Structure formats: C-alpha cells, structure tokens
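> If you read the sequence shown in our numbering, its first letter stands for residue 13, the second for the next number, and so on.
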Amino acid sequence: MKQDVKSMTIEELAIALEEMGEPRFRSKQIFSWLHKGVKSFEEMSNLAKPLRKSLAEHFTITVPRVLRKQVSQKDGTVKYLWQMEDGNCVETVLMQYHHGNTVCISTEIGCSMGCKFCASTLGGLVRRLRPSEMLDQVIFTAQDSGLEISNIVLMGIGEPLDNYENVLRFLHIVNCQEGLGIGMRHISLSTCGLVDKIDRLAEEKLQLTLSISLHAPDDESRSAIMPINRKYSVQSLLEACQRYFVKTGRRISFEYTMIAGISDSPEQAQLLAKRLEGMQAHVNLIPLNAVKETGLKTSSRQSIGEFQKILEQHGITATVRRTLGSDIDASCGQLRRNYEKR
Ligand code: SAH
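Put into structure tokens, the structure is as follows:
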C-alpha cells in the first residue's frame with residue numbers, strides 16, 4: 013500500500029525517507045514541492061531521477077479536479093466544487109477581505125449533525141476527509157486563483173471535531189514552516205458544540221480561534237434546530253467554552269444565525285446576553301441563508317438590528333456578518349447539493 017504523502021507530517025516523511033536509505037533533509041525539499049501543488053514526483057526537478065521514481069513507488073500525491081467554479085459578480089467571492097479521487101465532491105470558498113485572502117474549507121463529505129437550517133447535512137455523512145484532502149483545498153485554491161492565502165476557516169461542509177484526528181493533523185501540517193506556514197492565529201475552527209472534543213482541543217493549547225455555532229440561547233429552541241443540543245445542553249456547552257478559555261487564554265467567538273420566529277426574539281437576545289455575561293465573548297449575527305428544503309426564513313433587518321442592540325446594551329460585542337457570495341450558492345453545502353441533485 014502506498015502512503016498518502018500529503019497526510020504525513022514533515023517528521024514522518026523524514027523517517028520514511030530514512031527507511032528508504034535517503035537523507036532526512038530531503039523531506040524539506042519534498043514538503044515544499046508538495047505545498048506548491050505539484051501533481052507528480054516527476055515535477056520535483058531538484059531531486060535525482062532515481063529518487064523521484066522511488067518516491068512514486070512508495071507514495072501517492074492526491075490531486076483534486078475542479079468540477080465547478082463560480083465567481084460572485086457582487087463581491088468576487090469564488091466557490092470551488094472539487095472532485096476527489098473516489099468521485100466524491102467537496103466545496104471550498106475563497107473570500108477576499110481587507111485583512112487578507114481567506115479560504116473556507118470542508119472537513120467532511122456531508123455531515124451527520126442534522127442541523128435543521130444547513131444544506132450540508134441533508135444527505136447525511138458520506139465520509140470524513142483525510143488531512144491531504146483538506147490541505148489540497150488550500151493549495152489548489154491558491155494555485156487556481158493566483159492569490160496568496162493568509163487565513164483559513166474550517167467552516168465548510170462537515171463538523172471538524174467529528175473528524176478530530178485528521179483535522180488536528182491537517183492543522184499541524186498547514187502550520188509547518190516548510191509548507192504553507194499559516195499561523196494558528198490565522199485559523200478559525202467552527203463547531204456545533206461537541207463538548208468532549210472541545211475539552212480535548214483545549215489540551216492542545218493551540219492559538220487558533222474557536223467559533224461556537226450557538227444559534228439559540230435556550231435548550232428548547234436550540235434542540236429544535238440542532239439535534240446535538242439533546243446530547244450537550246446550552247449550559248454544558250458554555251461551561252466547556254469557559255474551561256477552553258481558561259486553558260488557552262483565547263477569546264471564543266459565537267456564531268448566531270438569525271432565523272425568523274425561531275432564534276430572533278428580544279427575549280432570546282436578553283437571555284443570550286445573560287448567558288454570555290463575563291465571558292469576553294464576541295457574537296457574530298448571521299442572517300440565515302435560506303435553503304429551500306428547510307422551509308426556514310431569515311429574520312428581518314429590523315429584528316437583527318434590535319437583537320444586536322440588546323446585546324450591546326448588555327456589554328456584549330456583536331457584529332452582523334456581511335453575506336458574501338449569496339448569488340453563487342456560497343453557503344454551506346449548497347453547491348454540492350445542487351450539483352448532486354442534478
Ligand atoms: N459544523 C461546523 C462548521 C460548519 S458550518 C459548525 O457547525 O460550526 C459553518 C457555520 O455556518 C455554522 O455556524 C453553521 O451553523 C452555519 N450555517 C449553516 N447553514 C447555514 C445557513 N443556511 N445560513 C446561515 N448559516 C448557516
């Protein structure tokens with residue numbers, strides 16, 4: 013069995029090379045080529061031909077294919093639909109902000125979490141992505157766009173903490189100086205709230221930003237839209253956030269989708285403010301990107317404004333997220349879903 017070379021850390025690659033009778037330092041050269049997006053060992057022109065051949069006998073290089081590419085006419089956001097080697101598809105979004113170019117990557121093919129408003133979970137979980145397949149989304153988005161990527165958000169299809177080991181390995185590889193060298197402070201990981209995994213992640217003491225998809229402050233409303241809440245209540249989730257903050261010193265950001273009649277009442281704003289009191293939290297209010305199948309509607313501008321005002325009156329900083337790429341199905345799982353339906 014050949015090894016998936018882009019899922020290996022530089023240390024593991026060095027050991028594998030040593031076992032092949034090669035000097036360890038070659039791992040740096042190979043790592044650097046891989047992160048430039050070469051599609052075969054043949055392209056590694058500073059390596060001797062016999063070594064290139066021997067590498068191809070031991071390892072495989074994953075290469076996704078661009079199946080669809082949509083560019084927003086409104087804001088330049090680009091959405092890619094990639095096809096993996098087994099035929100499955102995932103999405104990646106490239107957003108250009110003042111503070112740099114951000115890629116939003118997928119961590120799983122489909123999702124098993126069942127959130128009622130989300131298109132990614134409608135067909136369930138197909139499989140988890142390997143580290144190489146997460147890395148490829150960054151490498152080939154940079155290559156195709158010609159842009160340097162400075163930030164990564166794990167907010168595409170899938171629940172990152174449901175694919176814990178592979179995501180952690182991806183983070184270490186993408187952070188590695190000999191590769192893309194993207195700093196942990198430039199990476200955000202978003203979760204629907206797997207409390208046991210949040211505690212595990214806290215132990216890693218990474219400097220990344222943890223985002224919690226909260227979406228409702230009370231168990232009744234949250235359980236109605238997010239099945240995970242039946243396992244981990246709002247209270248237990250917020251306690252885990254507190255422990256995470258104490259362990260890592262990193263401020264947590266909360267995602268809160270504004271869904272008409274479900275999550276947007278002034279009473280819910282009051283309760284949210286109360287529950288986040290003293291947490292140094294930042295709240296991102298996200299107008300729901302309506303997915304046809306779900307029947308849910310986005311809140312009015314007015315109720316979003318009022319909600320934000322109540323939070324701020326209680327000393328909680330809240331921003332209303334700009335919706336980018338609304339003309340290109342750029343919200344979680346919509347492009348993949350529309351493609352597969354056809
Ligand atoms: N599974 C992870 C990361 C993927 S989703 C998580 O739950 O956090 C990234 C964010 O988009 C989450 O906050 C998710 O709740 C939100 N989201 C999903 N579908 C949406 C929609 N239709 N409109 C607005 N936000 C949505």
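Here a beta-carbon is modelled for each residue, glycine too, at the ideal position from N, C-alpha and C. Remember, it's a predicted structure, so these values are computed and weren't measured experimentally.
1. If you drop the 5 nearest sequence neighbours on each side, which residues of the same chain put their C-beta closer than 7 Å to that of SER66?
2. With 16 as the cutoff for other CB atoms within 10 Å, does PHE43 come out buried or exposed?
3. For VAL105 and ASN296, what's the separation of their Cα atoms in angstroms?
4. Check whether the Cβ atoms of CYS188 and ILE27 lie closer than 8 Å to each other.
5. Return the CA-CA distance between TRP94 and PHE71, expressed in angstroms with no decimal places.
6. According to DSSP, simplified to helix, strand and coil, what is PHE152?
7. Taking the beta carbon of MET13 as the centre, do at least 16 other beta carbons fall within 10 Å, making it buried, or is it exposed?
8. Looking only at its chain, what residues have a beta carbon closer than 6 Å to the beta carbon of VAL364, apart from the 5 residues adjacent to it on each side?
9. Can you tell which of ALA293, HIS294, SER312 has the C-alpha that lies nearest to the C-alpha of ALA302?
10. Considering ILE164, what are the terminal residues of the alpha helix (DSSP H) in which it resides?
11. Could you pull the start and end residues of the beta strand (DSSP E) that GLY112 belongs to?
12. Tell me the DSSP bridge mates of ILE73?
13. So, is the C-beta of MET32 closer than 8 Å to a C-beta in chain D?
14. What does the alpha-carbon distance come out to for the pair LEU166 and ALA228?
15. Helix, strand or coil for MET196, going by three-state DSSP, please let me know.
16. Closest to ASN241 by CA distance: which of ALA68, GLY170, LYS128 is it?
17. Can you find at least 3 beta carbon pairs, one from the stretch 51–67 and one from the stretch 115–125, that sit closer than 8 Å?
18. Could you check if CYS130 belongs to the surroundings of the ligand SAH, using beta carbon to heavy atom distance under 7 Å?
19. For MET291, which residues in the same chain have their Cβ closer than 8 Å to its Cβ, ignoring the five residues on either side in sequence?
20. Consult DSSP for GLU103 and reduce its assignment to one of helix, strand or coil.
21. DSSP three-state label for ALA330, please.
22. Between THR203 and the ligand SAH, is the CB less than 7 Å from at least one heavy atom?
23. Taking GLU177 and MET125 to be in contact with their CB atoms under 8 Å, please state how far apart those CB atoms are, rounded to whole angstroms.
According to the structure data:
1. Here the set comprises MET32.
2. buried
3. 19 Å
4. no
5. 22 Å
6. Reduced to three states, the DSSP call for PHE152 is helix.
7. By the 10 Å Cβ count, MET13 comes out exposed.
8. Outside the displayed span of the chain (13 to 354) sits residue 364, for which this structure offers no information.
9. SER312
10. First-last for ILE164: 163–166, but that is the beta strand (DSSP E), not the alpha helix (DSSP H).
11. 112–116
12. For ILE73, which the question treats as bridged, DSSP gives no partner whatsoever.
13. Among the chains of the structure shown, chain D does not appear; only one protein chain is present.
14. 21 Å
15. helix
16. LYS128
17. Counting Cβ pairs under 8 Å, fewer than three are found: no touch.
18. At least one heavy atom of the ligand SAH is nearer than 7 Å to the Cβ of CYS130, so yes.
19. LEU250, CYS253, GLN254, PHE257, ILE264
20. strand
21. strand
22. yes
23. About 18 Å; that fails the 8 Å criterion.
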